[in-house]
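Report on the following structure.
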Amino acid sequence: MCTVCGCETDHHYDHDHHREEPRAGQRLTVEEDILGRNNRIAARNRALFAGKGVFVLNLVSSPGSGKTTLLERTLADLAGRHRCAVVEGDQQTDNDAVRIAATGVPVKQVNTGAGCHLDAHMICHAVEGFDLDGLDLLFIENVGNLVCPAAFDLGEAHKVVVLSVTEGEDKPLKYPQMFHNSDVMLLNKTDLLPHLDFDVARCREMARRVNPGITIFELSARTGEGMGAWYGWLAARVGKR
Amino acid sequence: MHELSLTQNIVEICERAAAGRNVLSVTLEIGELSGVMPDAVEFCFEACAHGTVLESASLRIEQVGGLGRCNGCGAETAVKSWFDPCRECGGYGLEIVRGEELRVKELEVA
């Protein structure tokens, strides 16, 4: 049996709701949150990370926004400053994990198969192989999908949504739950702005309409422009939890 | 399509509550801001319930309308989306006080 989340195998059942034996034709009041199991495991993950002093970020975006390139650059630039690890979520392949491993940082690939998102249970097992006592910062790269991962708390400190300027500037309005649930927006690939009609001010305004408190950084993971402010944001938080 | 995994959760919750009895009906509460499509849950329910005590259960979905409270003026506004403005002052960033529900409300067992 898993000692972290208490699961038997892939599925586990909570035994904290002891009910009376139902009678025939009976109406049973259940009032149970459909995401309750995920949220309970996420709370346990969060407590584990807090206890070990690991700052955990859940990177979400549509496919192709540049999450992996952003991570490669971030990990290379932060080497020697923060001790990092990465959980990579994709439906199939370990291509991203191979890229991350090349930076020398511990990485665990999670393949969700038919699943469109990571959940808290996957994360509690994905981190089993990491020495959490020796980590400052854990990045979870979620499955590229601006819809489903919004609903699943993994136990992270913050969701960080990555939006690239090759996408529409109205993505925050089209996928509002994700931008509402994220505390940081990284506007990536800004080196391409001279070639595009992307309106940065309009994008910022739409993101703030969905989430007035969202912190926005404009950067290019390819050229490194703007990455310093992102690192500053990280440095102010790592080790403080 | 996270409705599939959510529907698997629904079936697990109902199986525990039913304790082996056949389930006649399931009532869910789904908020309009939950990001979950009732049609997709209905679509997944038949597949997920197959071979369980929920196999012949009917599914009732009660949709819960969104309600936001303005952090600026305190007014409450019925909302359809995360970025609807306050009806009183026009401000954005309403605190959602209702509409994110995803709950198994009740069961009827045979």
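Chains as they are written, first to last, in this note's numbering: chain B, 10 to 250; chain H, 40 to 149.
Beta carbons: idealized from backbone N, C-alpha and C, even for Gly.
- When C-beta atoms of the region 160-173 of chain B are compared with those of the region 188-202 of chain B, three or more pairs fall below 8 Å, so the two segments count as touching.
- In the displayed model, Lys168(B) falls within a strand according to three-state DSSP.
- Below 8 Å, too few C-beta pairs join the region 36-45 of chain B and the region 54-69 of chain B to call them touching: fewer than three.
- Contacts with chain H at 8 Å (Cβ-Cβ) do not include Gly143(B).
- Here the region 91-104 of chain B lies against the region 115-129 of chain B, with 3 or more beta-carbon pairs under 8 Å apart.
- Contact residues of the region 56-73 of chain H toward chain B are Ala56, Ala57, Ala58, Arg60 (C-beta to C-beta distance below 7 Å).
- In this chain, the alpha helix (DSSP H) harbouring Thr83(B) covers 76-87.
- The DSSP-derived three-state label of Ile100(H) is strand.
- Counting other Cβ atoms within 10 Å of its Cβ, Asn67(B) reaches 16 or more and is therefore classed as buried.
- Leu163(B) and Leu127(B) do touch by the CB rule: their CB atoms are close to 6 Å apart, below 8 Å.
- Put simply, the CB of Leu93(H) is far from chain B, with every gap to its CB atoms at 8 Å or more.
- Taking Ala57(H) as reference, the option from Ala88(H), Val92(H), Leu72(H), Cys83(H) with the minimal CA-CA separation is Val92(H).
- Taking 8 Å as the threshold, the shortest C-beta distance from Gly138(H) to chain B does not fall below it.
- Residue environment: Cys157(B) is assigned as buried (16 or more neighbouring CB atoms within 10 Å of its CB, all protein chains considered).
- Taking a C-beta distance under 8 Å as the contact criterion, Glu227(B) and Val209(B) qualify as a contact pair.
- The C-beta of Thr38(B) comes closer than 8 Å to at least one C-beta of chain H.
- Where Ala94(B) is concerned, there is no enclosing alpha helix (DSSP H), although the beta strand (DSSP E) around it starts and stops at 93-99.
- The beta-carbon of Gly129(H) is placed no less than 8 Å from the nearest beta-carbon of chain B.
- Put simply, the backbone Cα of Ile100(H) is about 49 Å away from that of Gly237(B).
- Taken in chain order, the complete alpha helix (DSSP H) segments of 4 residues or longer contained in the region 103-173 of chain B are 104-110, 129-135.
- Lys183(B) has its alpha-carbon roughly 13 Å from the corresponding atom of Asn154(B).
- For Leu106(H), the beta-bridge partners assigned by DSSP are Ala117(H), Arg137(H).
- Ranking Arg213(B), Arg211(B), Val174(B) by CA distance to the CA of Asp200(B) puts Val174(B) first.
- Residue pairing by DSSP places Glu41(B) opposite Val143(H) in a beta bridge.
- Going by DSSP, Thr175(B) is part of no beta strand (DSSP E) at all; its letter is neither H nor E.
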